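Mind the numbering: the sequence shown is residues 1 to 378 in UniProt numbering, read in order.
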Amino acid sequence: MYQVAVEKVGDYRRELVQEGVARLLARLGGMERFVKPGERVLIKPNLLAAKPPEAAVTTHPELLRAVILQVQRAGGVALVGDSPGIGSAVKVAKRSGLLPVIEETGAEFVPFEQTREVPGLGLYRRFELAAPYLEADRLINLPKLKTHEMMTMTCCVKNLFGAIVGTQKAAWHLKAGADKELFARMLLEVYRLREPDLNIVDAIVGMEGNGPGSGDPCQVGLLLAGENAVAVDLVAAEIAGIPKKLLYVENAARRMKLPGAERSEVEYLGLQSNEVPYRSFRLPHLSDVQFGLPGFLKHRLRNQLTSRPEVVEGACWLCEICVRACPPGAIRVEGGRLRFDYRRCIRCFCCRELCPHAALRLRDGWLLSLIKKSGTSL
1 MYQVAVEKVG
11 DYRRELVQEG
21 VARLLARLGG
31 MERFVKPGER
41 VLIKPNLLAA
51 KPPEAAVTTH
61 PELLRAVILQ
71 VQRAGGVALV
81 GDSPGIGSAV
91 KVAKRSGLLP
101 VIEETGAEFV
111 PFEQTREVPG
121 LGLYRRFELA
131 APYLEADRLI
141 NLPKLKTHEM
151 MTMTCCVKNL
161 FGAIVGTQKA
171 AWHLKAGADK
181 ELFARMLLEV
191 YRLREPDLNI
201 VDAIVGMEGN
211 GPGSGDPCQV
221 GLLLAGENAV
231 AVDLVAAEIA
241 GIPKKLLYVE
251 NAARRMKLPG
261 AERSEVEYLG
271 LQSNEVPYRS
281 FRLPHLSDVQ
291 FGLPGFLKHR
301 LRNQLTSRPE
311 VVEGACWLCE
321 ICVRACPPGA
331 IRVEGGRLRF
341 DYRRCIRCFC
351 CRELCPHAAL
361 RLRDGWLLSL
371 IKKSGTSL
């Protein structure tokens with residue numbers, strides 16, 4: 001059985017978070033079970049974008065503080081690192097409130113910049129991952145529970161995509177992002193290259209709606225933890241009330257027969273399943289009903305069965321962040337406005353994910369719109 005500890009923590013007051021983390025870890029044997037004196041311990045938060053803590057885009061600084069202190073009390077050397085979706089890691093860490101915590105606790109900030117090539121273990125032959133991610137003695141994964149317009153949910157496994165540095169993220173979106181099932185497989189292969197020793201999920205305030213960067217904060221009041229990231233994600237999805245057919249990563253894990261992918265393998269610690277305050281997250285815009293279709297139909301009906309990004313009139317600042325972030329280079333500025341090449345667009349929605357002004361929306365293809373109106377499900 002793969003154990004997932006669940007604790008109620010009502011808000012981010014420092015003492016509440018630290019007490020909650022201590023109770024959570026005690027159920028798993030304490031931080032001493034995962035960290036030995038002298039070990040270099042990489043803590044990997046979610047540092048998606050330069051947003052303040054109350055936006056619920058990044059891991060909350062008080063959770064990071066509590067985990068750093070637990071690592072230090074166990075005798076470990078705390079490192080904190082990630083590679084943001086866009087912008088410098090220092091800027092994002094400062095804006096999100098994480099950098100002050102790192103400095104106050106004496107932890108070391110190790111932005112993911114240098115990489116090492118490692119052989120793949122499955123469909124993909126090689127990956128380049130952040131050197132600090134591979135070189136640390138221990139890895140603690142610190143994701144935020146959020147909805148995700150491409151993968152429906154982002155939590156433990158998806159958070160590890162941050163180990164892919166900078167522009168390489170765009171390259172992987174281009175290589176695998178046109179097919180959600182293939183992209184989910186890639187995420188799981190990254191996960192298997194360096195499985196975290198411990199996963200602690202920030203679900204005190206999550207994000208629902210058009211996550212991971214433009215959704216709405218939602219009160220959940222929970223912390224989750226476990227050794228097996230797939231099992232923790234499964235519990236997180238259950239708490240968030242996300243339909244199984246929309247959980248691309250979890251379904252891919254089941255097909256790959258990965259440990260922790262079956263609900264029968266997972267055991268709650270702390271709160272029992274009938275005590276957990278389940279909350280049905282408002283889901284992202286349904287942008288794709290191609291799942292389950294054969295490949296030739298997906299290709300032929302792609303524009304009709306998917307949504308495409310477009311500009312909200314008057315909202316775009318022409319900052320060109322989306323232009324730089326677009327994996328296939330399908331966005332340009334022309335005539336003082338954004339232009340999209342929808343033949344090249346792979347519907348990864350990185351543009352919406354990283355837009356700091358919420359200036360992009362989705363327009364459904366005609367067949368997708370018809371399916372939604374009729375209530376039909378593919």
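C-beta: ideal position from N, C-alpha, C; glycine also.
The structure presented is a predicted model; accordingly, all values stated were derived computationally and were not measured.
Nearest-angstrom Cα separation, counted from residue j out to residue i
| i | j | result |
| --- | --- | --- |
| N251 | G336 | 43 angstroms |
| G10 | R347 | 36 angstroms |
| A261 | E313 | 43 angstroms |
| L25 | G221 | 17 angstroms |
| E267 | A170 | 36 angstroms |
| A22 | G30 | 8 angstroms |
| residue 379 | L123 | With the chain represented from 1 up to 378, any question about residue 379 goes unanswered, as that position is not in the structure. |
| K91 | I102 | 13 angstroms |
| A358 | R263 | 36 angstroms |
| E189 | R40 | 24 angstroms |
| L99 | S369 | 44 angstroms |
| R33 | D341 | 52 angstroms |
| Q114 | P132 | 8 angstroms |
| A130 | R332 | 30 angstroms |
| D202 | P356 | 22 angstroms |
| Y191 | K8 | 27 angstroms |
| W366 | V205 | 36 angstroms |
| E195 | L79 | 17 angstroms |
| V77 | V71 | 7 angstroms |
| F349 | M150 | 7 angstroms |
| P327 | A237 | 28 angstroms |
| L354 | K51 | 11 angstroms |
| C322 | P212 | 15 angstroms |
| N210 | I239 | 18 angstroms |
| G38 | G75 | 6 angstroms |
| P61 | F161 | 20 angstroms |
Classification of residue i by the beta-carbon crowding that lies within 10 angstroms, buried from 16 upward
| i | result |
| --- | --- |
| N141 | buried |
| P277 | exposed |
| K257 | exposed |
| E275 | exposed |
| S83 | buried |
| R125 | exposed |
| K36 | exposed |
| L121 | exposed |
| M186 | buried |
| C319 | exposed |
| P119 | exposed |
| K373 | exposed |
| R13 | exposed |
| G20 | buried |
| M153 | buried |
| R116 | exposed |
| P243 | exposed |
Best match in the options for proximity to residue i [C-alpha to C-alpha]
| i | options | result |
| --- | --- | --- |
| A107 | G120, G85 and G81 | G81 |
| L362 | T306, F112 and K245 | T306 |
| V249 | M256, Q219, A184 and G226 | A184 |
| L145 | Y124, L223 and F112 | L223 |
| K245 | N274, L283 and E265 | L283 |
| A56 | V201, G215, A89 and I200 | G215 |
| D364 | Q304, Y342, C351 and P327 | Q304 |
| E265 | R279, V67, G166 and D233 | D233 |
| L271 | A253, L42 and A225 | A225 |
| R324 | P53, N159, T167 and P196 | T167 |
| E310 | I321, L338 and G329 | L338 |
| V230 | E238, R332 and A253 | A253 |
| N159 | E62, G209, N210 and G85 | G85 |
| L139 | F127, E128, R279 and C156 | C156 |
| L174 | P212, G329 and I164 | G329 |
| E208 | H148, I200, I321 and E54 | H148 |
| C345 | F127, R279 and A178 | A178 |
| Y219 | R255, L193, D197 and R279 | The question names Tyr, but residue 219 is Gln in the sequence shown. It is R279. |
| V67 | L198, P259, C351 and L360 | L198 |
Counterpart residues of residue i in DSSP-defined beta bridges
| i | result |
| --- | --- |
| A78 | V41 |
| A203 | L222 |
| L142 | P45 |
| Y268 | V4 |
| L354 | Note: L354 sits in no beta bridge, so no partner. |
| S307 | D364 |
| M153 | T147 |
| I331 | F340 |
| V118 | F127 |
| F109 | V80 |
| D216 | E208 |
| L198 | I140 |
CB contact check: residue i to chain B, cutoff 8 angstroms
| i | result |
| --- | --- |
| E39 | Among the protein chains of the structure shown there is no chain B, as only one such chain exists. |
Supposed contact pair residue j and residue i - C-beta distance, whole angstroms, cut 8 angstroms
| i | j | result |
| --- | --- | --- |
| S96 | L47 | 7 angstroms |
| L69 | I43 | Between I43 and L69 the Cβ distance is about 11 angstroms, and since that is not below 8 angstroms, they are no contact. |
| P143 | T59 | 7 angstroms |
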